[in-house]
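**Student:** Shown below is the structure under consideration.
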Amino acid sequence: MTYFPIIGLEIHVELKTNSKMFCGCKNDPFGAGKPNIYTCPVCLGMPGALPRTNRKAVEWTQLLGLALHCNLATQSKFDRKHYFYPDLPKGYQISQYDQPLCENGYIDTSVGRIGIRRVHLEEDTAKMQHILVHGTRTSCIDFNRSGVPLVEIVTEPDIRSPQQAREYAKKIQEIVRTLHISDADMEKGSMRLEANISLSTDGKTLPAYKVEVKNINSFRFLEKACTFELERHEKLLTQNAVPVQETRGWSESKNGTVSQRSKENAEDYRYFPEPDLPPMRFSDEDFEKIRAQLPELPEDAISRYILAGIPENIARTVAQNRSFAGVIDALLVSSHKNMVVSVAQAIVNKKVLVEGKSADVVVAEVTAFSKNDEISESNLQTAVHAVIEEQEKAVADFRSGKQQVLGFLVGMVIRKLGKKIDAKTVAEKLHSAIQA
Amino acid sequence: MPNQTKIMDHSIRDILHMIREKQVSPNELLDEAYQNIHQVHEQLNAFITIQEKERAVREIQKHEQDHAVFFGLPYSLKDAYCTKDIRTTSASAVLQDFTPPYSATVYEKLQHTGAVLVGKNNQDAWGHGGSTENTDFGPTKNPWNLSCIPGGSSGGSAVAISTRMVLFSIGEDTGGSIRSPASMCNISGLKVTYGRVSRYGTIAYASSLDTVGPMAKSVDDLAFVLKEIAGNDPHDLTSSPLPVPDYPTLIQRDVKKMRIGLPKEFFGEGLTDEVRAVVDQAIKAFERLGVEFVNVSMPYVSLGVSIYYLIAPSETSSNLARYDGIRYGQDRSNFTEETIRRILLGTYALSAGYADELYKKAQKAREILIEEYREALSHCDALLAPVTPSKPSRIGELLSDPMRNLLEDLYTVTINLAGVPSLAIPAGFSSDKLPIGIQLIGKPFDELTLLQLGNAFQQATNWHTEKPPLLEQHP
């Protein structure tokens, strides 16, 4: 029996707005020197306190929605999601239920398109800390994180391999960072991954179960957790058992996932529209203002570089590195435009360091680097023949069809001359000398 | 012995004038308020917290130089409003030790006017009730008859005004909680349009229905208080940016040719003859002022209690979720039976599998009701209706009959569902001298028309000047 992996991802990203989602408190949970210093009646959920929406957070969510090719909702609202946990001071989280800010987007990966079901905005919870207080193990709550704007990006179950899951998640991180809306730091927790994993028998119909894996704090662990789960499911399915619908957590020490809680019964969050916040309406004009803020996304930059003649793998590296991209972008609009391919190759292969240098300086260095020393035809011929005599075995290999030894022979000739000369010319000379 | 006129019997307009002209001092006013508190509070239990007089005197001193508009006026707040450094309980044992670190917008605004807070009033816990019996601090008694309820949930506020312990109070109306006690204690109370006054710092009962409004002896007094507390608040996104009219200067108006609608659904089965007679008498008084009456019909009003008792408990089950026992010191076993009933009802109405049939259907019905009010009010300036179907009940009667308790709200809850304003004013007495009021219902944000009509009525009648017999025992 062949099984087909069905994976969907939920990615949470904390927005780095100045203030929190529903109050004016500073949004800096990781920079706070002490617990509970960035709090007020609103984010503490005090009786009588009312939320007020952070407009910047709404705009940034819409900006992200545009970057993920989503439709932006003209009508949206917040809802209350009810559950009990000590880090949730109101007994409900202000989230979005049936009218998310963004819907129906996609991201292309190297092995196919992944649909994005929705992107919505909510508030983060406080943080529990289990620490020793006067020698007693005590559960404490730090509300610095309570009410930090949190975006949730939910895919369709379109991901077909652990590698694709990793590629997708990396792309989301790149996009979020390009938009400057979040640090998307997985170690700190400003970007969190959850995977829903199951195996299908035909790759089309969704299986009757799914397993949710949380506590994944790196791309590598995402790939490992998916692989681990898929193997576990396959083993169970081949024994005619169905994996239990549950939430599992990735355990680094166990190098696998462990069961956290059963999810056989769907949780009832008793959603209803947040009466303290009026519904939001957006006009085309609002959307145009958002669209105008959209910077060039990594995929678009890569296409532009490829069109300029840069090989794809080099274009990708350039697009991912802000200082590389800066030099190349400056070159593309300068009189050195014809140098762009060689400069891109030089900086990606680290032959020229670009950190803190202007495009002109980089171009000068690349030019100097590739400039060849003058050498006479007879000196070159002498060196070529000397190497052919010395490297009998390599030459024999080349004659028998091992093309790759040519590079080695070229290197030997250059070394013998002790000069910087064009490798292509040496290769041609060697080639004709050996064939002769 | 006839009632003696004292300073606290005067209108806010007159008292402000008397203070300006140095005929009375704020300290004399405060003395009288505290004297009344000492004389009758013990019998009535209108306050949960009474401010120390020394502290109140210090507050007067703070404003001595700044010509504050309400300089020296003694007032109270329902205990649903957060007051920084002053205990705020919502009349529930769950919050018996809660001292807020911040203040409600309405309290901050009033503190700026120079008015002096003398106490926090008793109420039905969390606003759950219409009798001020459902409180963990002992029931409040009606000063017109100590064995009767004062109405609720803002019962303590109404009693404090009626017995001249304060000049005005801020009540909170989610389904009739200002109008019911106003009617039963012979005072005036205004349920404002949803959004007219900021809710920030109001301990929520049902967020989409809760309104913050003034209670006082007369409609003219209400105009003064409303002007100070109304307006947009950046802390409450549901508060309206509409400008606030200068109610006290605009309140005088000839009401001749104004048109009032009588919705037949407010005069059907359940309305007692005694209340009906008072309403008829009020209609005649308005007719003498030249007001015209038209009959209107609003069929969904008869479903009001069903709609209200799905939406309000749903929201309250959510709003009270924060009292989970982790903070505020007291756990959930401290909720009263009435509150537990409402939490359970709301939790059920929002649960998967039931929400479509209950909560969502109620929301649809609410939209139809809003449209009915809009339609009815497009033909007239206001609607007139009774506030409660019967005169004040005896203490304990409603507690033992939860269903009747709900039906008492029949004439008030649909106004909250529609979000429109409604003014309750004294209009007469039962045969055993218990107060009975009427309500005037207006268009959204048209509190002014209601105040003008109510003021004209009070200039032509004397119901609102009658004082409870309890005060006569303490001349």
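First to last, the protein sequences are chains D and X. Position 25 of the first sequence, counting from 1, maps to 19 under this note's numbering, and the rest follow consecutively. Adding 60 to a residue's 1-based position in the second sequence gives its number in this note's numbering. We treat Cβ as the ideally placed atom computed from N, Cα and C, and that holds for glycine. Bear in mind the structure is a predicted one, so any value in this text is a computation, not a measurement.
(1) If you measure between the beta carbons of residue 176 of chain D and residue 75 of chain D, is that distance less than 7 Å?
(2) By the 7 Å beta-carbon criterion, what residues does the stretch 371 to 398 of chain X contribute toward chain D?
(3) Checking the sheet assignment: what are the DSSP bridge partners for residue -2 of chain D?
(4) Does the stretch 278 to 288 of chain X touch the stretch 451 to 471 of chain X, meaning 3 or more C-beta pairs lie closer than 8 Å?
(5) What is the rounded straight-line gap between the Cα of residue 91 of chain X and the Cα of residue 129 of chain X?
(6) For the pair the stretch 366 to 386 of chain D and the stretch 347 to 355 of chain D, tell me if three or more CB-CB distances fall below 8 Å.
(7) Short of 6 Å in beta carbon distance, which residues of its chain neighbour residue 194 of chain D, apart from the five on each side in sequence? Order them along the chain.
(8) Which first and last residues belong to the alpha helix (DSSP H) in which residue 356 of chain X is found?
(9) Under the three-state reduction of DSSP, which class applies to residue 61 of chain X: helix, strand or coil?
(10) Give the single residue among D:404, D:6, D:337 and D:132 whose Cα lies nearest to the Cα of residue 189 of chain D.
(11) So, is the C-beta of residue 254 of chain X closer than 7 Å to a C-beta in chain D?
(12) Skipping 5 residues on each side, what residues in its chain have a beta carbon closer than 7 Å to that of residue 389 of chain X?
(13) Should the stretch 297 to 307 of chain D be called in touch with the stretch 72 to 92 of chain D, which here means at least 3 C-beta pairs below 8 Å?
(14) In the DSSP assignment, the alpha helix (DSSP H) including residue 245 of chain X goes from what residue to what residue?
(15) Answer yes or no: does any C-beta atom of chain X fall closer than 7 Å to that of residue 226 of chain D?
(16) Are three or more beta carbon pairs between the stretch 372 to 390 of chain X and the stretch 480 to 497 of chain X nearer than 8 Å?
(17) Using the Cα positions of residue 85 of chain X and residue 131 of chain X, report the straight-line distance between them to the nearest angstrom.
(18) In its own chain, which residues sit with a C-beta less than 7 Å from the C-beta of residue 140 of chain X, not counting the 5 before and 5 after it?
(19) Name the residue from X:441, X:454 and X:448 whose alpha carbon lies nearest to the alpha carbon of residue 207 of chain X.
(20) What are the residues of the stretch 62 to 86 of chain D that lie near chain X, defined by any Cβ-Cβ distance shorter than 8 Å?
(21) Buried or exposed: residue 78 of chain D, going by 16 or more other Cβ atoms within 10 Å of its Cβ?
(22) Let me check one thing: in DSSP terms, what residues is residue 20 of chain D bridge-paired to?
(23) Exposed or buried, residue 230 of chain X, counting other C-beta atoms within 10 Å across all chains shown (16 or more means buried)?
(24) How many angstroms separate the CA atom of residue 405 of chain X from the CA atom of residue 363 of chain X?
(25) Taking 8 Å as the limit between beta carbons, can you name the residues of its chain near residue 168 of chain D, skipping five residues before and five after?
(26) Assuming residue 407 of chain X is part of the alpha helix (DSSP H), what are its boundary residues?
(27) Look up residue 318 of chain D in the DSSP assignment and say whether it is helix, strand or coil.
(28) Please list the partners that residue 294 of chain X has in chain D, where partner means a Cβ-to-Cβ separation under 8 Å.
(29) In the DSSP assignment, what are the bridge partners of residue 103 of chain D?
(30) So, do the stretch 193 to 200 of chain X and the stretch 246 to 256 of chain X have three or more beta carbon pairs nearer to each other than 8 Å?
(31) Using only the heavy atoms of the ligand MN, determine whether one of them is closer than 6 Å to the beta carbon of residue 284 of chain D.
(32) What separation, rounded to the nearest whole angstrom, lies between the Cα atoms of residue 45 of chain D and residue 89 of chain D?
(33) On the CB-based measure, 16 or more other CB atoms within 10 Å of its CB, does residue 301 of chain D come out buried or exposed?
(34) Tell me which residues of the stretch 341 to 360 of chain D have at least one Cβ-Cβ distance to chain X shorter than 9 Å, keeping chain order.
(35) Residue 426 of chain X and residue 477 of chain X - do their beta-carbons sit closer together than 7 Å?
**Tutor:** For this structure:
(1) For residue 176 of chain D and residue 75 of chain D, no; Cβs fall outside 7 Å.
(2) So the list reads 374, 375, 378, 381, 382, 384 and 386, given in the order they occur along the chain.
(3) Under DSSP, residue -2 of chain D takes part in a beta bridge, and its partners are D:194.
(4) Counting Cβ pairs under 8 Å, fewer than three are found: no touch.
(5) CA-to-CA, the gap between residue 91 of chain X and residue 129 of chain X works out to about 20 Å.
(6) Because the criterion of three Cβ pairs below 8 Å is not met, the stretch 366 to 386 of chain D and the stretch 347 to 355 of chain D do not touch.
(7) Excluding five sequence positions before and after residue 194 of chain D, the CB atoms of its chain that fall closer than 6 Å to its own CB belong to -2, 0 and 201, given in chain order.
(8) From DSSP, residue 356 of chain X is part of no alpha helix (DSSP H) but of the beta strand (DSSP E) over 352 to 356.
(9) Note on residue 61 of chain X: pLDDT 38, under 50, position unreliable in the model; no value is reported.
(10) The candidate whose alpha carbon is nearest that of residue 189 of chain D is D:6.
(11) Closer than 7 Å: no.
(12) Cβ within range, chain order: 157.
(13) The way I'd put it, the stretch 297 to 307 of chain D doesn't touch the stretch 72 to 92 of chain D; fewer than three beta-carbon pairs between them come closer than 8 Å.
(14) For residue 245 of chain X, the uninterrupted alpha helix (DSSP H) segment begins and ends at 239 to 245.
(15) No, no contact with chain X.
(16) With a cut-off of 8 Å, the stretch 480 to 497 of chain X and the stretch 372 to 390 of chain X do not count as touching, because too few Cβ pairs lie within range.
(17) Looking at the backbone, the Cα of residue 85 of chain X and that of residue 131 of chain X are separated by about 10 Å.
(18) Only 150, 183, 187, 232, 262 and 263 meet the Cβ criterion.
(19) Checking every option, the nearest Cα to that of residue 207 of chain X belongs to X:454.
(20) Under the 8 Å Cβ criterion, the stretch 62 to 86 of chain D contributes 74, 76, 78, 80, 83, 84, 85 and 86.
(21) Counting Cβ neighbours within 10 Å, residue 78 of chain D comes out exposed, since fewer than 16 surround it.
(22) Its beta-bridge partners are D:13.
(23) Residue 230 of chain X counts as buried, since no fewer than 16 other beta carbons sit within 10 angstroms of its beta carbon.
(24) Distance between the alpha carbons of residue 405 of chain X and residue 363 of chain X is about 17 Å.
(25) Here the set comprises 292 and 314.
(26) Segment 397 to 410, the alpha helix (DSSP H) holding residue 407 of chain X.
(27) Helix.
(28) In chain order, 46 make up the part of chain D whose C-beta sits under 8 Å from the C-beta of residue 294 of chain X.
(29) Residue pairing by DSSP puts residue 103 of chain D in a beta bridge opposite D:106.
(30) When Cβ pairs closer than 8 Å are counted between the two stretches, the stretch 193 to 200 of chain X is seen not to touch the stretch 246 to 256 of chain X, the count staying below three.
(31) Among the ligands in the structure shown, none appear at all, so the ligand MN cannot be discussed.
(32) Approximately 12 Å between the Cα atoms of the pair.
(33) Burial call: exposed.
(34) Under the 9 Å Cβ criterion, the stretch 341 to 360 of chain D contributes no residue.
(35) Less than 7 Å separates the beta-carbon of residue 477 of chain X from that of residue 426 of chain X.
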